[in-house]
Every structure is written in structure tokens, then in C-alpha cells.
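Colleague:
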Amino acid sequence: MSVQRALTVQVRIRPGQERPLREILELIVDQDVETNDICPFKNLVTVHFARFVILEKAKDAYNRDIPATLILSTNYDGSLARHLEELADVAAGGLNEVFRHCVGYPGPGRRTAANLVNFLHRHRIPYGAFYVGLAGRSVEMVDRDDELQSNIQSVLDRDRRPETSVGKEPHRIVEGLRASLNDIPAIAWFNEEPTWVARLTSAAGWVVILAALLSGLGGVGGAVLYATESPWYPWLSDPQHWLHLIAGCSLAMAGVVIWVPQFIALAPPLVGTLLVLPILTPFILLGTAVVAILPGVEYRGSLLPFAIAPVVLIALWLVAIRVEELLDKQTPVPVDEELIRSIRDLTRSEDHVVQNQLTHLVNIKKGQLRLITLFTFLTVINFVARFFQRDGALGGISTIHFARWCIIDGGRRLIFFSNFDGSWEEYLGDFVDRASWGLTGIWSNTVNFPKTRWLVLDGATDEQRFKLWGRKHQVPTPVWYSRRKRLTLRNIVRNRAIRRGLFASLGRKQSREWLRRL
Amino acid sequence: MAYLELEDIQGIIVRGYGNLPEACFMPLIITDKVKARAWLGGLAADLCDGLARPEGTAVNVAFTAPGLLRLGLDKSAMANFSEPFREGMATKRRGRILGDTGEYAADKWLWGGDKDSVHLLLLLYAADSVELDGLIARFRGHEAELQHGVSEVLLGSDPLPRGVTLPGRKEHFGFRDGISQPGIVGMKKGGPPANVIAAGEFLLGYTNEYQKYPISPSVAAASQGADVLPSVPTAQGEDGSTEPWPRDLGRNGSYLVFRQLEQDVQAFWGHIRDSIQSRDEPPLAGVELENGMTKLAAKMVGRWPSGAPITKLPDQDVFGRIQYLEGLLADAEGEAYADEERAKTLRRELESIKRLVDDDDFGYFENDTYGAQCPVGSHLRRSNPRDSLTDSQDESLRLTRHHRIIRRGRAYGATSSDWLSDDGKIALSKLLPSDGGAVEAAAESPRGVHFLAFNADIGRQFEFIQDTWINDPKFLGLYADADPIVGDHSFKGLPKEGGIFTEHSQPVRKHHPGLKRFVRMRGGAYFFMPGIRAVRYLAQSAE
Chain G
270 MSVQRALTVQ
280 VRIRPGQERP
290 LREILELIVD
300 QDVETNDICP
310 FKNLVTVHFA
320 RFVILEKAKD
330 AYNRDIPATL
340 ILSTNYDGSL
350 ARHLEELADV
360 AAGGLNEVFR
370 HCVGYPGPGR
380 RTAANLVNFL
390 HRHRIPYGAF
400 YVGLAGRSVE
410 MVDRDDELQS
420 NIQSVLDRDR
430 RPETSVGKEP
440 HRIVEGLRAS
450 LNDIPAIAWF
460 NEEPTWVARL
470 TSAAGWVVIL
480 AALLSGLGGV
490 GGAVLYATES
500 PWYPWLSDPQ
510 HWLHLIAGCS
520 LAMAGVVIWV
530 PQFIALAPPL
540 VGTLLVLPIL
550 TPFILLGTAV
560 VAILPGVEYR
570 GSLLPFAIAP
580 VVLIALWLVA
590 IRVEELLDKQ
600 TPVPVDEELI
610 RSIRDLTRSE
620 DHVVQNQLTH
630 LVNIKKGQLR
640 LITLFTFLTV
650 INFVARFFQR
660 DGALGGISTI
670 HFARWCIIDG
680 GRRLIFFSNF
690 DGSWEEYLGD
700 FVDRASWGLT
710 GIWSNTVNFP
720 KTRWLVLDGA
730 TDEQRFKLWG
740 RKHQVPTPVW
750 YSRRKRLTLR
760 NIVRNRAIRR
770 GLFASLGRKQ
780 SREWLRRL
Chain B
149 MAYLELEDIQ
159 GIIVRGYGNL
169 PEACFMPLII
179 TDKVKARAWL
189 GGLAADLCDG
199 LARPEGTAVN
209 VAFTAPGLLR
219 LGLDKSAMAN
229 FSEPFREGMA
239 TKRRGRILGD
249 TGEYAADKWL
259 WGGDKDSVHL
269 LLLLYAADSV
279 ELDGLIARFR
289 GHEAELQHGV
299 SEVLLGSDPL
309 PRGVTLPGRK
319 EHFGFRDGIS
329 QPGIVGMKKG
339 GPPANVIAAG
349 EFLLGYTNEY
359 QKYPISPSVA
369 AASQGADVLP
379 SVPTAQGEDG
389 STEPWPRDLG
399 RNGSYLVFRQ
409 LEQDVQAFWG
419 HIRDSIQSRD
429 EPPLAGVELE
439 NGMTKLAAKM
449 VGRWPSGAPI
459 TKLPDQDVFG
469 RIQYLEGLLA
479 DAEGEAYADE
489 ERAKTLRREL
499 ESIKRLVDDD
509 DFGYFENDTY
519 GAQCPVGSHL
529 RRSNPRDSLT
539 DSQDESLRLT
549 RHHRIIRRGR
559 AYGATSSDWL
569 SDDGKIALSK
579 LLPSDGGAVE
589 AAAESPRGVH
599 FLAFNADIGR
609 QFEFIQDTWI
619 NDPKFLGLYA
629 DADPIVGDHS
639 FKGLPKEGGI
649 FTEHSQPVRK
659 HHPGLKRFVR
669 MRGGAYFFMP
679 GIRAVRYLAQ
689 SAE
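Listed below in C-alpha cells is the structure:
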């Protein structure tokens, strides 16, 4: 099984070193991003995408200074240790040249590969949410599947009328194909990786939700016992015991989550995962509260306030958000000379290969309320993206290879990295048309975002202003590398299906369907 | 008050002037700003509005971004025009989106390729060529230039070839054109509900499919002459806290995409013939070859030459069926075996077959999911995937509404021979007479189409269609198939050996490799066609 992970490294740039740093990044691109001698990305055989971004000196929402930083971001297969090792193996010298302009980088005498690895390791930053378009497909699998696909295509193109040589029957044609492919030694590596990974992942998602529901029911049941003065009553009347109960449920859920390798591998720091649980506990307590205030039930002072508190908190939170939204003087992004110039700069590097990239950086709104809301929302999105994505699609968008949000600079800014197929216009359009709730829920906590209602409504549906906002906060990405510059995610999914079908035993109908994919 | 302010909307946006078959498009540059403004002021009174179908002649006018600046529009007013319009069609960036790359790039165009080389476009329509000559004479030549302060861009070389209407309303490859057209909310002529689109998708000043007003250029109320312009609608001004631009310059205006596309008819059909002949052993000839060619070309287009959608009529064009039914009908009506019931049924069937040539009421989702009839990569399906964009029919119908354009193109140049006929048939033997031989290079006058499209957001509509649907070789999961008719086959660094067209035949798909570009971009620009009041404003705006 192969696991795809994300590395984000953020380092402060030493004062006055921004220009030489830029020069070396430009050199990477000028020489060719795949084969340059600073960091020949193509030699990194487990890296899908990579980028360097310079975040210039800026001000946060409170108008406080944020120093200039350099970001290295990658999407890779396998373990972090292996990845850092590979980076050092392939490009220690070049990466030295890059990172020596950064604060805290070892001095000239101590620039060893081991120190580089240490440095990168130390400056990693966590993500708030991470999405993998097609989990489980390593660089190698993607490459090989495509090789197989194009081999099949050329066999079919050579033998233009396969039905005349082997008959019209679909499964005969498939057999004929298998036979001719066996002649090609280059694809003698056939074997299929297990498919249980994806199933287990979504099963784990359901387990978590079930556990939450069960503990909710447990809460209700407990309250019933309490209200009917069952023998358990004395134990339940003690709020301490309730806390234990909830903690027990939470731990059980966390346990399930941790035992799923896919999840633990991709999870942000554990705290992010556990944050799902406080979101769920109010529902548990809500159940209790409902029972406790049923007519005919005697008032039990020790339980009721405890049960109602979270409901009140949620209501207060919603009202606070709504009030803030109403008070928020919306400042639409003005189209000025600066924005027009920056759009033209950004678009110069777009639409050269099948994918495009987006690096988007925006200040988080003032106040803890927004920061907590954002953190919570990212966690929920992370949860959904991890457990409930269908193959190669999130919310119906089937063009995203990898995407990630990170809260950076001590909770002051939100950065978003994405690698997607097709144009920026199409991508942002998909956001508006198919994912506006989730994205509005995240980005409504950042400045300049189009006006929202109740956190998730409106916002991104103000299509033209949302797109302007997107451009306004997009930052240039001086170095960007895509391993699969000729393959869309749809191609990759289709290649996988072609490969799976070729090595399965297909009936007549399945053979016909399989042939249709070619 | 009517919903659409038709008296202020220039007519060509809301109707196609089908009764005015002759057309001339004149790209102009402004040589004398003061005179040009005065001339425009007079022209505003002559502009054809959207109230009624014009008789005899019609004149409309549109401006490029440099043209607006040249007329003296305040630079700050440019901010709220759409970015593609402001940037212009001829930049490298737009070239990558539009497929104007390599030998098709802007520096190879006949006109419009240089920055600031076109300022405005006159659109002249007439019922016959004599009237059109009269109309052109008003605007062409030295006298006119001295008087109007504008001059034709192509004065030195040949002027832009005139628009013509070919037999059977065809384009030069031989296919009936201009059938699929969105209806506009507020106009009488609608069509099926899925095809009636919010006015704000085509006109500024109305709500679009997102129930929002498109961003519209506006000018300060204090600027000279601004009182002829309407105020910015309140719902639109709401978000601007201080409302510095209270007069709406964009209302009733639309962005006009103009592209002169030259078609290499011989090369197209020659390629089709080679593609058929290289596949079949022994090579087809005669009628069989012609039928095979017509079918392959129809698969690429998505419609038969007559216009009938191939997804509804997968095997052959309407003519055979019509002939067959007419034969049966003659029998049924005949003296000997008169059968009124049967004749009635036949007449009905005949009617419905004949209606297919203008049929725009169909989808692919239910009956043609995988493109067995109308291939996924066909021109028709790419330029509007209708209900088959995603694996949800409803969602597809909802999403495609955001990417519609109104097309007002006209063919130009004469046909190479009389191979097109009024009844919609094509005679391939007349087009490629040297049966089996090499296709001779056409040494005749160029022919093609003046592609005109109206939309309210060039980026989300025209450019999206061109980039994401037409040119993308990865369209809906395909691997290397750009649009077989108009696509850029070297798009985004894919292998350069020519594009592939995939025919989703049973049991195994057929690849038709080696596609070249048969349509060549010769010149064009992004224009803005303002409301008539806005033309008046532009005619008197200050320095």
C-alpha cells in the first residue's frame, strides 16, 4: 500500500536575502524545473508535486508585521523520513544554496545532508486540512498504469479491426489484447495492489460517526434511566461520571481512528482529529437534555444545566458569527492598477501543462472566534475529505490532485495550496458551482471575502467577486513542479480501471464495459 | 416597463437579422478623436435597436478597450470592464486559452494582432447587396475618413470579406450552422426551458444565472454627459459602501467576441477521405466512400450536413429517410391503394423528420451516455455538453447554463464549387473531383466564417468554452482529443503528431489520428457593444 503525504516547510528569510533567494529560484525554472542542477525534481521518484513560494513581508489583520518567509511544499509517497532522505540524496547541494538564505540554517562548515534533513524536519508546519484526489496511487503506479494504457491503445491502433482477427465477442477481444500485451516485456510487472484500503478508510469514517451516534443514544438512554430512578441513578447523578463516560467514548473513537493506517498516516497532529469529538459531544448532550426536560419528568438539578450548556454555547456562537457578519462592512475587492498587474503576472505562468497550481494567502479575520471557527471547519473538511471522498472527486469536483490548507504565522494567516487540472477559471468556477458551502465556511473567516450569511451561505456564490477575491490574494509561485504534466486525474482514475479490468476475469457484459473505457 | 430595455439594446444582440442576408464587418481605427465623437453622436441615432426586426438595413457598433480610451473615456472607468476585454484577444496569455499559438498566434494574423490596432467595429447588414453597397459607401473611403475621423484597419490590403448566407444556412464545410442558440429571459422566442438563460448572462444590467448583477463599468455622475446614462441599480450598488460610480455605462451592453476564422474546406474533406481509406481494406470508392466520409465528418461535427443531430439519427442523414417516406406516402395517397389513415401517419412522420434539421431539443445523458452515437469529442458535444457534463443530469443542466453564448456569425467567401444545395445536401464528388488523387491546394479566394459571439463574462463564457471544452485534449476524461473541427491539437505541450478523434464504436473504439487544424484564425478582437445611450455618452465624453 502506498500513502500520499504532504510536507510543508516554512522558514524565515534572512534580512536582505530575498533577492539572491529569488535569483536561485529563477535559475531552477530557467534551467528547466525537471532537470535543473539545483533541484532536479524529476529525479525525486516519489514526488508528485512540489513548489517553492516566497511570502513577502506583510501585515496581518491587526496591522502587525509578518516577516518574509520561504515555503517548500511537496506531495510525496511513503514516510516523511524517506522523503527527506530522498530530498537530501538528490539535491542536498542545491537545497543548501536555497536554504542558506534562511534564518537558522547551519553555517558553511556544517552544511551536511543530515543537517539539511534536520533543518527541514524542524521547520515543518502542520496542515489544517489535506485532500488527496486519488489516495493510494504512488508515482510509480501512476506512471506504470499510464504506460499500460498507452500500450493497449497502440495495440488497438495497430490492429485496427480486432474484431476481424478474434471475432466480435467483447471478451474474445479482451483475451486477444491480453495475449498481445504479454509479448511486451516492459509491462511484465503486473500485479494489483489491494483495494481494501479505500473500503477500510470509508468504513472507519462510518465507525466514527456510528460511535458518536451510539454515545448520543447512550446519553439519551442514560437520562431515561436517571429520570425513571433506576438503580443506576445514583451513579449517573454525578456529573463527574458523565465526564468519564464522554471521555471514554471519545477515546474509543480516537482509538478506531488511530488504528486505521491510512488515517494516522495522513492525519494532521492528533489534536486536529480529536477536535472532531468536541464537535460531536454536544449532540450527545443534546439527547440527554431533551429527555431530561420531558413533561412528567421530575426536575433533576444536577444534570440539566450540564446538558443545556453546549446547546447554549452553540447558539451563542452562531449568533456571534451572525452579528459579526451583519456588522462587517463588506469591502469588495477593488479592481485597481495593482490588481490588474498582479493578475497579468500570475497568468503568465498558467496553462502551460495539463495542470495548474494555486497558492493563495489571506489574513484571518480579527478575533479568536474566527480562528476557532476556521480551525473547526478545516477539521471537519479534513474529516470529510479523508473518509468520504469518492474515487477522484471531492464534492463532485474531479480535477483536484492534491489540496491543503495551513493556518500559519501563529494563527494569523491561512494559506492554501492546490494542484488541479484545467484552467483557473474552471477551477474557481467549480468552487462556486459545486463546493460553495464548504469553501465559504472556511474562507468566510478571512478578510475581504464576499459577504456571507450564517457562515456558509452566500459568499462564494457571488461568483465574479469571489473570483476577484481569489486573484487578489493569490501569490506567485516561482517554482512549481508537476510529475504528471500530461495526465489529468480523470486519466489516472481511468487508467487504474483499465489496469484492474485487464487482470480481472471479465464476463461478456463487463468486457464490453471495459472496452468502452479505451 | 418591459423587463429588457430593448430600445437601448443594440439589435444584433437579441436577434440574428436572418432577413438581412448580406453583411459587412468593418474594423476601424480612430484617426481624429474630435471628429470621431461627433460622428458617433450622429450614428447613435441610426443604430438598430432591439425593439423590432429591422427592414432593409441595420447598423450596429462596438468598441475595443483601446478604442474606448481613444475616445476619451476616463481611465478609471476601465477598471470594471472584464479582464479579457481590457487585455485584448491578441496577448500570449489569451493565445494559450484560445489556442492561438505557434503559427496561429496573433503575430501571424491579418489584423487585430497588434496592440491598439483596432478601435471599433461597425456591423452593417442589408437585405441585398445593392443596399449593402450603399451602406458601405457611407463609411468607406477617403471622404468618409476625413469626415468621420475613423479609418478602416484593412485599408491598405483587402477589406474584411463580406458576410454571406450559404445555401441551406450552411458553413463552408457543408454543415447547417447556427441552430443551437440560447433563449433570453424576457424575449418572446424561448424554446425549451433548459435553453432559456438569464439575461444577465448576455447583457450587463440584469441578473445572471447566479442571481447577481454582472460587474459593470460605471462613471462618476459628475462627468460630462453622464446624465444620459441610467443609475447603477441599487442592488448592485449595495456592496460599494461609498458608491463612487453612480452612473451605469455597461447597462444593456454586451461583450462581443469577433474572430475571422478561415476554413480549408479541401484539406478538411481530404483528411476525412484519407482517414476512411487508410482504415478500410479494400479502399472504399464511389457512393460508399462518400457515405463513409459524410458519416465520419458528421460524427466529428455532431450533426449531419442537413443539421439533424446525429444523436437522434445515428445512421444516415435525413434525405434517404425522407425519400423513402415520400415514396410510401405517394403509394398511400395513390389512386390504387389509397389509405388515408396511413397517409396521415406518414405525413406526421415526414414532418418530424424534416423538423430534425433545426432540432435543438435533445440531450445525451439518457440515450447516448458513452457517445456511441454522438461521440464525446464531437464539436457539438464539446461546445455544449448539455445534460452530459457530469454523472448527474440535473447538475449538468445547471452547470452548462453558466457557459452559454449567443452566436451571430456569418460565413464569408464564395463556395469552391456548387457542391452545396438549398435542400441541405452536399455533393462531395463536386468538391473533391479527382477521385482518390491528391487534394489540390485551393488557389481561390479565402473562405470561412466571421465568428461573432455575445456574452456578459468573456472569461466564464466564451473563453471557458474555447479552453475547457473545445481545446482541452482531456475533455471529460479523453486522452489526446481536442475538438476535431476547430481545436488546437498541440495544446498544453501534448505530442505534436496531430490530434486524435475517438469514435466510440462497438465493440472497440476507433481512433482517427493525425488531425490537423482546418480552421485558421486570421484576425479578431474583443469588443464591447454598449447600450445606445452609452454610445451617446461616449460621443460626448470629455478629454
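Protein sequences, first through last, are from chains G and B. According to my numbering, the first sequence is numbered sequentially starting from 270. According to my numbering, the second sequence is numbered sequentially starting from 149. Yeah, the Cβ is synthetic: ideal placement off N, Cα and C, and Gly gets one too.
1) Take every Cβ of the segment 305-314 of chain G, pair it with every Cβ of the segment 691-709 of chain G, and state whether three or more of those distances are shorter than 8 Å.
2) Taking 9 Å as the CB-CB limit, is residue 680 of chain B close to chain G?
3) Which runs of the alpha helix (DSSP H) spanning at least 4 residues fall entirely within the segment 452-514 of chain B, listed in chain order?
4) Considering only the beta carbon of each residue, do residue 320 of chain B and residue 408 of chain B sit closer than 9 Å?
5) What is the residue span of the alpha helix (DSSP H) that residue 439 of chain B lies within?
6) Please list the partners that residue 439 of chain G has in chain B, where partner means a Cβ-to-Cβ separation under 8 Å.
7) Helix or strand or just coil, what does DSSP make of residue 718 of chain G?
8) For residue 563 of chain B, count neighbouring Cβ atoms within 10 angstroms of its own Cβ and tell me buried if that reaches 16, exposed if not.
9) State yes or no: is the C-beta of residue 414 of chain B nearer than 8 Å to some heavy atom of the ligand NAP?
10) In or out: residue 299 of chain B buried (at least 16 other Cβ within 10 Å) or exposed?
11) Is residue 548 of chain B helix, strand or coil when you go by DSSP?
12) Where does residue 435 of chain B land, buried or exposed, given buried means 16+ other C-beta within 10 angstroms?
13) Name the residues in the segment 174-196 of chain B whose C-beta lies less than 7 Å from a C-beta of chain G; which are they?
14) Please name the residues in the segment 346-362 of chain B whose beta-carbon is closer than 7 Å to at least one beta-carbon of chain G, in chain order.
15) Taking residue 240 of chain B as part of the beta strand (DSSP E), name the residues at either end of that continuous run.
16) I'd like to check one pair, residue 403 of chain B with residue 606 of chain B: are the Cβ atoms closer than 9 Å?
17) Of the residues that make up the segment 663-686 of chain G, which ones have a beta carbon closer than 9 Å to any beta carbon in chain B?
18) Could you say which of G:645, G:632, G:627 and G:637 lies nearest to residue 321 of chain G if we only look at CA atoms?
19) Could you name the residues of chain B that residue 698 of chain G contacts, counting a contact when the two beta carbons are closer than 8 Å?
20) Which residues, in chain order, does the segment 613-628 of chain B contribute to contact with chain G at a C-beta distance below 8 Å?
21) Kindly say whether residue 366 of chain B, judged by its beta-carbon, lies nearer than 9 Å to any beta-carbon of chain G.
22) Give, in chain order, every unbroken run of the alpha helix (DSSP H) that is at least 4 residues long and sits entirely within the segment 220-294 of chain B.
23) State the DSSP-derived secondary structure class of residue 693 of chain B, mapped to helix, strand or coil.
24) Which same chain residues, not among the five before or five after residue 347 of chain B, have their C-beta less than 7 Å away from its C-beta?
25) What are the partner residues of residue 669 of chain G, as DSSP defines its beta bridges?
26) By the criterion of Cβ-Cβ separation under 7 Å, what are the contact partners of residue 228 of chain B in chain G?
27) For residue 772 of chain G, count neighbouring C-beta atoms within 10 Å of its own C-beta (all shown protein chains included) and say buried if the count is 16 or more, exposed if not.
28) Using the beta-carbon count (16 or more within 10 Å), is residue 426 of chain B buried or exposed?
29) Near residue 789 of chain G, which residues of its chain fall below 6 Å by C-beta distance, leaving aside the five closest residues on each side in sequence?
30) Helix, strand or coil, according to DSSP, for residue 663 of chain G in the structure here?
31) I need the straight-line Cα distance from residue 449 of chain G to residue 424 of chain G, nearest angstrom please.
32) Go to residue 297 of chain G, then tell me how far its beta strand (DSSP E) extends in each direction, as first and last residue.
33) Out of curiosity, what's the CA-to-CA distance linking residue 568 of chain B and residue 431 of chain B?
34) Determine the closest residue to residue 730 of chain G out of G:621, G:699 and G:415, with distance taken between C-alpha atoms.
35) When the cut-off is 9 Å and only beta carbons count, does residue 231 of chain B lie next to chain G?
36) Determine which residues of the segment 727-747 of chain G have a Cβ less than 7 Å from any Cβ of chain B, and write them out in chain order.
Modeller: According to the structure shown:
1) Because the criterion of three Cβ pairs below 8 Å is not met, the segment 305-314 of chain G and the segment 691-709 of chain G do not touch.
2) In the second sequence, counting from the first residue as 1, residue 680 of chain B sits at position 532. No, residue 680 of chain B does not count as interfacial toward chain G.
3) The segment 452-514 of chain B contains, as complete alpha helix (DSSP H) runs of 4+ residues, the segments 466-481 and 488-503 (chain order).
4) To locate residue 320 of chain B, count along the second sequence from 1; it is residue 172. To locate residue 408 of chain B, count along the second sequence from 1; it is residue 260. Their beta carbons are not under 9 Å apart, which means residue 320 of chain B does not touch residue 408 of chain B by this criterion.
5) Within the second sequence, numbered from 1, the residue matching residue 439 of chain B stands at position 291. Looking at the DSSP string, the run of the alpha helix (DSSP H) that includes residue 439 of chain B is 434-449.
6) Numbered from 1 along the first sequence, position 170 holds the residue referred to as residue 439 of chain G. Against chain B, the beta carbon of residue 439 of chain G has neighbours under 8 Å at 655, listed in chain order.
7) Mapped onto the first sequence, residue 718 of chain G falls at position 449. Here residue 718 of chain G sits in coil by DSSP.
8) On the second sequence, residue 563 of chain B is found 415 positions in, with the first residue counted as 1. For residue 563 of chain B, the number of other beta carbons within 10 angstroms of its own is at least 16, and it is reported as buried.
9) By its list of ligands, the structure shown contains no ligand whatsoever, and the ligand NAP lies outside what it can speak to.
10) For the purposes of this step, residue 299 of chain B is taken as the residue at position 151 of the second sequence. The residue in question, residue 299 of chain B, is buried, as its Cβ has 16 or more Cβ neighbours within 10 Å.
11) Here residue 548 of chain B refers to the residue found at position 400 when the second sequence is read from its first residue. DSSP places residue 548 of chain B in the helix class (H, G or I) of the three-state scheme.
12) If you number the second sequence from 1, residue 435 of chain B lands on position 287. Burial call: exposed.
13) Residues: none.
14) Listed in sequence order: 358, 360 and 362.
15) By 1-based counting over the second sequence, the position of residue 240 of chain B is 92. Where residue 240 of chain B is concerned, there is no enclosing beta strand (DSSP E), although the alpha helix (DSSP H) it sits in stretches over 240-246.
16) Start at 1 with the first residue of the second sequence, and residue 606 of chain B comes out as number 458. Start at 1 with the first residue of the second sequence, and residue 403 of chain B comes out as number 255. The answer is yes: Cβ separation under 9 Å.
17) Correct list: 665 and 667.
18) As a working mapping, residue 321 of chain G is identified with position 52 in the first sequence. The shortest C-alpha separation from residue 321 of chain G is found at G:627.
19) Reading the first sequence from its first residue, position 429 is the one you call residue 698 of chain G. Listed by position along chain B, the residues whose Cβ is nearer than 8 Å to that of residue 698 of chain G are 550, 608 and 612.
20) Flagged, chain order: 615, 616, 620, 622, 624, 625 and 627.
21) Here residue 366 of chain B refers to the residue found at position 218 of the second sequence. Residue 366 of chain B does not count as touching chain G.
22) Annotation note: the segment 220-294 of chain B contains the following uninterrupted alpha helix (DSSP H) runs of length 4 or greater, listed N- to C-terminal: 231-235, 240-246 and 277-287.
23) Lying before the first or after the last residue shown, residue 693 of chain B is absent from chain B, which here runs from 149 to 691.
24) For the purposes of this step, residue 347 of chain B is taken as residue 199 along the second sequence, with counting starting at 1. Non-local beta-carbon contacts of residue 347 of chain B in its own chain, meaning distances under 7 Å to residues more than five positions away in sequence, involve 152, 332, 333, 334 and 354 in chain order.
25) Mapped onto the first sequence, residue 669 of chain G falls at position 400. Its beta-bridge partners are G:689.
26) Start at 1 with the first residue of the second sequence, and residue 228 of chain B comes out as number 80. Neighbourhood of residue 228 of chain B in chain G, by CB distance below 7 Å: 604, in chain order.
27) Here residue 772 of chain G corresponds to residue number 503 of the first sequence, with the count starting at 1. By the 10 Å Cβ count, residue 772 of chain G comes out exposed.
28) Taking the second sequence and counting its residues from 1, one reaches residue 426 of chain B at position 278. Residue 426 of chain B comes out exposed.
29) The displayed coordinates of chain G run from 270 to 787. Any statement about residue 789 of chain G would go beyond what the structure contains.
30) Against the first sequence, residue 663 of chain G aligns to sequence position 394. Correct three-state label for residue 663 of chain G: strand.
31) As a first step, residue 449 of chain G is located in the first sequence; it is residue number 180 there, counting from the start. As a first step, residue 424 of chain G is located in the first sequence; it is residue number 155 there, counting from the start. Between the alpha carbons of residue 449 of chain G and residue 424 of chain G lies a gap of roughly 8 Å.
32) Here residue 297 of chain G is taken as the residue at index 28 of the first sequence, counted from 1. Careful: residue 297 of chain G lies outside any beta strand (DSSP E), inside the alpha helix (DSSP H) at 287-300.
33) As a first step, residue 568 of chain B must be located in the second sequence, where it is residue number 420. As a first step, residue 431 of chain B must be located in the second sequence, where it is residue number 283. Those two C-alpha atoms are separated by around 26 Å.
34) In the first sequence, counting from the first residue as 1, residue 730 of chain G sits at position 461. Residue 730 of chain G has its Cα closest to that of G:699, out of G:621, G:699 and G:415.
35) As a position in the second sequence, residue 231 of chain B is number 83, starting the count at 1. Yes - at least one Cβ of chain G is within 9 Å of the one on residue 231 of chain B.
36) Against chain B - using a Cβ distance shorter than 7 Å - the residues of the segment 727-747 of chain G are 730, 731, 732 and 733.
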